[in-house]
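Peer 1:
Numbering (the UniProt record's numbering), first residue to last: 1 to 363.
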């Protein structure tokens with residue numbers, strides 16, 4: 001059986017499960033969120049690094065953004081190329097995707113002397129959830145598009161610049177987080193020291209992913225009745241990871257279990273959902289539908305900052321054409337990691353991801 005046939009069979013199973021999840025989920029309740037700035041609280045301190053949590057108000061009123069911060073314990077002054085902000089993927093929708101115990105990108109870089117930050121966009125993790133996410137999913141249209149997430153990113157970048165007294169920050173965007181980073185960079189390249197796009201999508205044809213979101217009987221048109229959000233279990237959310245792995249021995253059970261715990265903790269209401277499911281806004285999948293039908297949602301030629309494109313060779317989500325579209329980047333580099341998927345951060349070849357990114361940031 002060839003890979004394409006296997007992908008089709010796997011994907012039909014995913015579509016059926018997604019339909020059941022969207023139609024059969026209950027209405028959750030969410031804790032009150034505070035959109036005012038809150039002081040940092042230390043959640044962990046070791047002999048080498050300090051981890052803090054804080055809330056930053058977004059540009060839009062009543063939107064409060066969860067921010068995770070990790071830095072070396074005895075270092076206070078940082079230069080532009082030492083401050084790094086990580087942007088979450090849709091698959092592990094939480095800032096802590098970059099701080100999974102035993103597989104923490106933030107911790108390893110903090111020990112190297114970087115000032116590391118990660119954020120939750122609105123609707124994700126511990127940031128403010130749109131009111132639509134407190135109602136049945138089919139009652140409202142998809143919430144949280146990249147255009148809104150860009151506002152959240154702008155607010156956090158400004159907070160970091162003021163806090164650390166730097167003129168620019170480097171941004172690492174993973175998957176849909178990379179889409180947000182790319183969109184932000186088209187208007188704010190002067191705010192970015194270096195841009196790293198990891199497993200990112202821009203505009204290409206991927207029918208296996210796009211077709212399930214099309215309007216019935218109208219190929220090429222998105223379904224106008226998509227729900228506001230999705231309720232999904234870890235195993236369903238990681239379906240594509242298993243497809244890319246295709247039984248290859250690239251990830252340990254320990255890593256998979258660690259990621260699953262972070263995934264479940266990304267939603268404060270997961271304990272109230274069947275089998276610890278989490279809520280994810282459907283807006284990102286609207287963005288991705290256009291991307292998967294070769295309709296980019298931002299103009300890559302407007303990015304002028306130095307860019308690193310990095311992806312696994314088994315990652316069929318990553319847009320292989322994006323590197324050539326960056327015609328005005330002041331510098332650009334592409335790295336393809338052998339035997340690696342979209343989730344290489346948690347896999348056996350993760351060291352190359354961290355090493356190549358570190359070398360790029362220090363150039």
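We treat Cβ as the ideally placed atom computed from N, Cα and C, and that holds for glycine. As the structure is a computational prediction, the values presented were derived from the model and not from experiment.
Please report the distance separating the alpha-carbon of residue 264 from that of residue 234.
Peer 2: Indexing the chain shown from 1 puts residue 264 at position 264. Indexing the chain shown from 1 puts residue 234 at position 234. Roughly 7 Å between the two C-alpha positions.
Peer 1: With a Cβ-Cβ cutoff of 8 Å, do residue 360 and residue 326 count as a contact?
Peer 2: As a working mapping, residue 360 is identified with position 360 in the chain shown. As a working mapping, residue 326 is identified with position 326 in the chain shown. Not closer than 8 Å, so no.
Peer 1: If the criterion is Cβ atoms closer than 8 Å, does the pair residue 103 and residue 237 meet it?
Peer 2: For the purposes of this step, residue 103 is taken as the residue at position 103 of the chain shown. For the purposes of this step, residue 237 is taken as the residue at position 237 of the chain shown. Contact: no.
Peer 1: Roughly how far, in whole angstroms, is the beta-carbon of residue 198 from the beta-carbon of residue 174, given that I think they are within contact range, below 8 Å?
Peer 2: The residue given as residue 198 occupies position 198 in the chain shown. The residue given as residue 174 occupies position 174 in the chain shown. Between residue 174 and residue 198 the Cβ distance is about 5 Å, and since that is below 8 Å, they are a contact.
Peer 1: At which residues does the beta strand (DSSP E) containing residue 61 begin and terminate?
Peer 2: Your numbering for residue 61 matches position 61 in the chain shown. Where residue 61 is concerned, there is no enclosing beta strand (DSSP E), given that its DSSP letter is neither H nor E.
Peer 1: Could you check what DSSP says for residue 86 in three-state terms: helix, strand or coil?
Peer 2: The residue given as residue 86 occupies position 86 in the chain shown. Reduced to three states, the DSSP call for residue 86 is strand.
Peer 1: Find the nearest neighbour of residue 266 within the set 44, 58, 68, 49, judged by alpha-carbon distance.
Peer 2: The count along the chain shown starts at 1 and reaches residue 266 at position 266. Of 44, 58, 68, 49, the residue nearest in Cα terms is 68.
Peer 1: Tell me whether residue 125, by its Cβ, gets closer than 7 Å to a heavy atom of the ligand NAD.
Peer 2: The ligand NAD is not part of the structure shown, which contains no ligands of any sort.
Peer 1: Would you say residue 101 reaches chain D, if we count a Cβ-Cβ gap shorter than 8 Å as a contact?
Peer 2: Chain labels in this structure do not include chain D; a single protein chain is all it has.
Peer 1: Would you kindly report the start and end of the unbroken alpha helix (DSSP H) that includes residue 261?
Peer 2: Sequence index remark: in the chain shown, residue 261 carries index 261 (1-based). Its alpha helix (DSSP H) spans residues 253-265.
Peer 1: Mark residue 164 as exposed unless 16 or more other C-beta atoms lie within 10 angstroms of its C-beta, in which case mark it buried.
Peer 2: As a position in the chain shown, residue 164 is number 164, starting the count at 1. By the Cβ neighbour-count rule, residue 164 is buried, with 16 or more other Cβ atoms within 10 Å of its own.
Peer 1: With a threshold of 8 Å, are at least 3 pairs of Cβ atoms found where one atom belongs to the region 68-87 and the other to the region 128-137?
Peer 2: no
Peer 1: Residue 215 bridges to which residues according to DSSP?
Peer 2: To locate residue 215, count along the chain shown from 1; it is residue 215. Paired residue(s): 218.
Peer 1: Measure the C-alpha to C-alpha separation of residue 222 and residue 272 and round it to an integer number of angstroms.
Peer 2: Translated into the one-based positions of the chain shown, residue 222 becomes position 222. Translated into the one-based positions of the chain shown, residue 272 becomes position 272. Roughly 31 Å separates the two Cα atoms.
Peer 1: For residue 122, write down the residues that DSSP places opposite it in a beta bridge.
Peer 2: One-based indexing of the chain shown puts residue 122 at position 122. Residue 122 pairs with nothing; no bridge assigned.
Peer 1: When you compare the CB positions of residue 201 and residue 179, do they come within less than 8 Å of one another, or not?
Peer 2: For the purposes of this step, residue 201 is identified with residue 201 of the chain shown, where counting begins at 1. For the purposes of this step, residue 179 is identified with residue 179 of the chain shown, where counting begins at 1. Cβ distance < 8 Å, so residue 201 and residue 179 count as in contact.
Peer 1: With DSSP as the reference, label residue 281 as helix, strand or coil.
Peer 2: Sequence index remark: in the chain shown, residue 281 carries index 281 (1-based). Strand at residue 281.
Peer 1: Using three-state DSSP, classify residue 30 as helix, strand or coil.
Peer 2: Taking the chain shown and counting its residues from 1, one reaches residue 30 at position 30. Because the pLDDT of residue 30 is 37, which lies under 50, any placement of that residue in the model is unreliable, and the number read from its coordinates should be weighed accordingly. Three-state DSSP puts residue 30 in coil, outside helix and strand.
Peer 1: Please give me, in chain order, every unbroken run of the alpha helix (DSSP H) with length at least 4 that falls completely inside the region 143-224.
Peer 2: Listed in chain order, they are 146-164, 176-188, 207-210.
Peer 1: With respect to the beta strand (DSSP E) encompassing residue 229, which residues constitute its N-terminal and C-terminal limits?
Peer 2: By one-based count along the chain shown, residue 229 stands at place 229. Run containing residue 229: 229-232, per the beta strand (DSSP E) assignment.
Peer 1: Excluding five sequence neighbours on each side, which residues of the same chain lie with their C-beta closer than 6 Å to the C-beta of residue 205?
Peer 2: For this step, residue 205 is matched to residue 205 along the chain shown. Counting only Cβ-Cβ distances below 6 Å, and skipping sequence neighbours, we find 294.
Peer 1: Given a cut-off of 8 Å on the beta-carbon distance, is the pair residue 155 and residue 291 in contact?
Peer 2: Here residue 155 is taken as the residue at index 155 of the chain shown, counted from 1. Here residue 291 is taken as the residue at index 291 of the chain shown, counted from 1. No.
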